[in-house]
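Report on the following structure.
Residue numbers (UniProt numbering): 1 to 84.
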C-alpha cells in the first residue's frame, strides 16, 4: 500500500509545491486588495479636497465619494476573508 507521500499527494514534494503555489496565489490576491485600497484612499483624499475647496458639493462628487468608500469596503472584506 502506498502512502499519500509516495503517491505524490499533499505531503510529497509535488503536493508541497502545489500547496506553496496556492499559498503564494492567496498572498498575491491579498496584496492586490491592499493596493486597491491604497488607490481608493488616494482618490478619496482628492475628492475630499474638492469638497472642502468648493462652497457647495455637487451630487456627482458625493456619488464618487460613496463609490470609492464602497470599493474600499469590498477590498477590505476580500483581504480580511483571505487572511482568515
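Where a beta carbon is used, it is the ideal one built from N, C-alpha and C, also for glycine.
Inter-residue spacing [alpha-carbon to alpha-carbon] between residue 24 and residue 33: 14 Å
Burial state of residue 68, where buried means 16 or more other Cβ atoms lie within 10 Å: buried
Counted within 10 angstroms of its Cβ, other Cβ atoms place residue 5 as buried (16 or more) or exposed: Note on residue 5: pLDDT 46, under 50, position unreliable in the model; the coordinate value appears next. So residue 5 counts as exposed.
Entirely enclosed alpha helix (DSSP H) segments - the UniProt domain "Syntaxin N-terminal" (22-84), minimum 4 residues: 59-83
For residue 12, the three-state DSSP class (helix, strand or coil): coil
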